[in-house]
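Q: So the sequence shown is numbered by our numbering: it starts at 40 and just counts up by one.
All C-beta atoms in this analysis are idealised placements derived from N, C-alpha and C, irrespective of residue type, glycine included.
Just dropping this structure here.
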Amino acid sequence: LFKIKMASAFQILCKRLSYYCLVLACSAMYIFSYFVNLVRLFVNGKRCITKNRASPPSCLVKPELGVHGYLTLKNRNDLKIHYVAKGKPGNPLVLFLHGFPEFWYSWRFQLQDLSDDLYVIAVDMTGYGDSSKPQNLDRYHVNEIAEDMKEVILELGYNSCILVGHDWGGVVSFSVAHNFPEVVNKLVVVNVPHSRSFKKASFKQLWCFTYIYFFQLPFIPEWILSSNDFSLLNYIKSMANSNNFTASDLEAYKYCFQKGGFTFPLNYYRNLYNQVYTSRGPFKKIVPPTLLIWGVNDPICLLESGRLSLEALENGKIECIENASHAPHYDQPKVFNSTLMKFISS
C-alpha cells in the first residue's frame, strides 16, 4: 500500500512538473514573439495608443438584434447574467453560448435570422460583458459555469432547450449536456473538440493549443491582449469572410473588453489544470443528440479533432462548412443557420 501511494504521488509530481515546464516554455515563446512584433511597430511608426471608449458603439443597441435583459440566478448566489433575446417567449428555446474572446454579439446573425419560430437568446457568460464577474478563480471551472447556464435555462421558465456553444461556449455546452442531460433537448457545438479527443490528438493539433499554457501566467496575458489598443483582437478579421466583421464590429469587441477586462475570461483557461490533470471517474458519453458544426479552415481547432470528438457522443454527427474558419456562425452565417435549422427541425 505504501509503494502504491508513493507511486501515485510520484506520478502526480511528474504531471505537475511537466505542466509547469510547458507553461514556462510556451510563455517564453509567446512573450518573445510579442516583443519582436512590438519592436517592429515602433520601427515602422505604427504604435497605437489605447483610446477611451466611454459609450457603446451603435451596433450594440440595434433593435433588430433583440431585447436586452438580466437574469438573477438565486441558486448561484444571485449571479447576474446579461442576455439579448429575440422571438416569442414560449417558442422552443435556443440558448447561444459564445467563445473567447467574445460576448453575446458574436451571435448577431443568428439573433436576426432565427427568431421567427424560435425564442433565441445569446448570453454574456459568467465573467464576460455585462454579466457578473466572481472574484474567486475556482468559480470559473467549467463545471461551475455549466451549472450557471443550467440555471439560466430554468430561470427563463424552461425545463430544457436547444443548446448551441462555440469555442469555450462549446466546452461549457459539453459539460451541461454531460452533467445535466435533462435540460438539453439537442446539443450543437461549434469548432471546439471534446476533451476526450486529446488522447488521440496529433502533434499539430497540440501545437495549436500552446497559447493555453501562456494564458496560465498572471497579469502578462492581460497586458499583452490589451496593449496597442487591443490589437490582438484584430485576428478575428483574418477569418475567411472578413466582410462579416466590420470596423464597427471590432469597436464593439474593444468596447466590451476595455470595460470588463480579460482577467475573468482568462480564468476559464486557468482552471484547465484542475479540469484535465485532476479529473477522475469513468468516462461517460454525451447522451443528447449532438451536431458538431466545423469551419474547415480553422487554424486553431483542426477538423481532425472534431472527427475524433464523435467518439465521445452517443448520438452525434459532424457537418463541415467550407470557406469558414474558427467562427463559421459569422464567417458563413447563411450556411451555418441553414445547417442549424435543419438539425433543429429533424
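Would you mind working out which of Lys238, Asp288, Val335 and Asp370 sits nearest Glu358, comparing C-alpha positions?
A: When the alpha-carbon of Glu358 is set against those of Lys238, Asp288, Val335 and Asp370, the nearest one is in Val335.
Q: Output the boundary residues of the beta strand (DSSP E) element that contains Gly204.
A: Cys200 to His205
Q: Can you tell me which of Leu118, Tyr274, Tyr369 and Ile339 puts its alpha carbon nearest to the alpha carbon of Glu194?
A: Leu118
Q: Let me know the secondary structure DSSP gives Thr302 once reduced to three states.
A: Here Thr302 sits in helix by DSSP.
Q: What's the call for Tyr307, buried or exposed, on a 16-neighbour Cβ count within 10 Å?
A: Taking every protein chain shown into account, the CB of Tyr307 has 16 or more other CB atoms within 10 angstroms, so this residue is buried.
Q: In the DSSP output, which residue or residues are listed as bridge partners for Phe258?
A: In DSSP, Phe258 forms no bridge with anything.
Q: Give the secondary structure of Gly166 by DSSP, where H, G and I count as helix, E and B as strand, and everything else as coil.
A: Reduced to three states, the DSSP call for Gly166 is coil.
Q: Could you check the C-alpha separation between Gly196 and Phe71 for me, to the nearest Å?
A: 50 Å
Q: Thinking just about the alpha-carbon of each residue, which of Phe142, Ala351 and Leu56 is nearest to the one in Pro321?
A: Ala351
Q: Is the distance from the Cβ of Leu99 to the Cβ of Tyr144 below 8 Å?
A: yes
Q: Give the secondary structure of Glu358 by DSSP, where H, G and I count as helix, E and B as strand, and everything else as coil.
A: strand
Q: Out of Leu176, Gly129, Tyr179 and Pro173, point me to the one whose CA is closest to Ile160's CA.
A: Gly129
Q: Are there three or more Cβ pairs, one per stretch, closer than 8 Å when the segment 206-218 is compared with the segment 133-148?
A: The segment 206-218, when compared against the segment 133-148, does touch it at the 8 Å Cβ threshold.
Q: Can you pull the DSSP bridge partners for Phe333?
A: The sequence shown places Trp at residue 333, rather than the Phe named in the question. Beta-bridge pairing links Trp333 to Cys359.
Q: Could you check the C-alpha separation between Ala64 and Ile251 for me, to the nearest Å?
A: 12 Å
Q: Check Leu110 in the structure and name its three-state DSSP category.
A: strand
Q: So, using beta-carbon positions, are Thr329 and Asn354 closer together than 8 Å?
A: Using a Cβ distance threshold of 8 Å, Thr329 and Asn354 count as a contacting pair.
Q: What does the alpha-carbon distance come out to for the pair Tyr122 and Lys101?
A: 14 Å
Q: Are the CB atoms of Cys340 and Asn273 nearer to each other than 8 Å?
A: For the pair Cys340 and Asn273, the CB atoms are not nearer than the 8 Å cut-off.
Q: Mark Phe296 as exposed unless 16 or more other C-beta atoms lie within 10 angstroms of its C-beta, in which case mark it buried.
A: Under this definition Phe296 is a buried residue.
Q: Please report the residue range of the beta strand (DSSP E) in which Tyr122 lies.
A: Leu118 to Lys125
Q: Answer with buried or exposed for Gly345, where buried requires no fewer than 16 other C-beta atoms within 10 angstroms of its C-beta.
A: buried
Q: So, using beta-carbon positions, are Gln371 and Ile383 closer together than 8 Å?
A: no
Q: Thinking Tyr69 and Phe253 are a contact (beta carbons under 8 Å), I'd like their distance in whole angstroms, please.
A: 4 Å
Q: Sort out for me which residues DSSP pairs Asn216 with in a bridge.
A: In the sequence as presented, Asn is not what sits at residue 216; that position holds Ala. Looking at the DSSP assignment, Ala216 forms no beta bridge with any residue, so it has no partner.
Q: Exposed or buried, Ser377, counting other C-beta atoms within 10 Å across all chains shown (16 or more means buried)?
A: So Ser377 ends up on the exposed side.
Q: When you compare only the Cα positions, how much space is there between Val133 and Ser270?
A: 33 Å
Q: In the structure shown, what three-state DSSP assignment does Tyr144 receive?
A: helix
Q: Along the beta strand (DSSP E) that carries Val133, what are the first and last residues, could you check?
A: Leu132 to Leu136
Q: CB Gln255 to CB Val106, shorter than 8 Å?
A: no
Q: Considering only the alpha carbon of each residue, which of Val181, Pro131, Val228 and Leu342 lies closest to Tyr158?
A: Pro131
Q: From this set, Asp268, Val326, Ser66 and Ile259, which residue's C-alpha is nearest Lys90's C-alpha?
A: Comparing Cα positions, the closest option is Asp268.
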